[in-house]
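Residue numbers 2 to 126, in the numbering used here, belong to the letters of the sequence shown in order.
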Amino acid sequence: MIGAIYSRFEAAGLRIVAAKMLHLSREQAEGFYAEHKERPFFNALVSFMTSGPVMVQVLEGEDAVRKNREIMGATNPKDALAGTLRADFAASIDENAVHGSDAAASAAREIAYFFTDAELCSRTR
Numbered sequence: 002m003i004g005a006i007y008s009r010f011e012a013a014g015l016r017i018v019a020a021k022m023l024h025l026s027r028e029q030a031e032g033f034y035a036e037h038k039e040r041p042f043f044n045a046l047v048s049f050m051t052s053g054p055v056m057v058q059v060l061e062g063e064d065a066v067r068k069n070r071e072i073m074g075a076t077n078p079k080d081a082l083a084g085t086l087r088a089d090f091a092a093s094i095d096e097n098a099v100h101g102s103d104a105a106a107s108a109a110r111e112i113a114y115f116f117t118d119a120e121l122c123s124r125t126r
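In structure tokens:
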């Protein structure tokens, strides 16, 4: 599944400039999703994100946030258009296969949460 997802990013003109597989601790997951702490789904989200390994990556390219959100599809896979990642790979709204930043400011914060500047490898070719 990882390769299939990465292929779609690259086919859309996005470049993967950093990636790693992690087992998130509860503390890491709670910190990453802190903005959702008061939402009713928070505990289920944290439990899912700590239930096994996750891939985190940084995408680069023109209008990367918007392109990534189009590739991912609607948060609820039942509402996602055919051919999007969530339509094709998500098990449910709670296990919706992918996370993507909603804005450039969110992306900057989320990238810094998992990667140092030295780990980002811009690709020009």
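All C-beta atoms, glycine included, are put in the ideal place defined by N, C-alpha and C.
On a predicted model such as this, the values are computed, not experimentally measured, just so you know.
Tell me the rounded alpha-carbon separation between residue i and residue j.
| i | j | result |
| --- | --- | --- |
| Tyr7 | Ala45 | 26 Å |
| Gly14 | Arg70 | 13 Å |
| Ala83 | Asp89 | 7 Å |
| Arg40 | Gly32 | 14 Å |
| Thr85 | Gly74 | 5 Å |
| Ser102 | Val66 | 7 Å |
| Lys79 | Val55 | 22 Å |
| Gly129 | Glu36 | Nothing about residue 129 can be read from this structure; the chain reaches only from 2 to 126. |
| Val99 | Ala91 | 8 Å |
| Asn97 | Ala81 | 10 Å |
| Phe43 | Thr117 | 26 Å |
| Ala12 | Thr76 | 21 Å |
| Lys68 | Ile94 | 21 Å |
Any idea what DSSP makes of residue i, helix, strand or coil?
| i | result |
| --- | --- |
| Met2 | coil |
| Glu39 | coil |
| Glu63 | coil |
| Val99 | coil |
| Ala131 | The first residue shown for the chain is 2 and the last is 126, placing residue 131 beyond what the model contains. |
I believe residue i touches residue j by the beta-carbon criterion, under 8 Å. Please report the beta-carbon distance rounded to the nearest angstrom.
| i | j | result |
| --- | --- | --- |
| Ala19 | Gln58 | 6 Å |
| Phe115 | Ile72 | Not really, about 20 Å apart at Cβ, beyond 8 Å. |
| Arg27 | Leu60 | Not a contact, Cβ separation roughly 27 Å. |
| Ala30 | Met2 | Going by Cβ atoms, the distance from Ala30 to Met2 rounds to 20 Å, so no, they are not a contact pair. |
Can you name the start and end residues of the alpha helix (DSSP H) that residue i belongs to?
| i | result |
| --- | --- |
| Lys79 | Careful: Lys79 lies outside any alpha helix (DSSP H) and carries neither H nor E. |
| Arg110 | 105 to 115 |
| Met13 | Sequence inspection shows Ala at residue 13; the Met mentioned does not correspond to that position. Here Ala13 belongs to no alpha helix (DSSP H), and DSSP marks it neither H nor E. |
| Ala30 | 27 to 33 |
| Ala88 | 86 to 90 |
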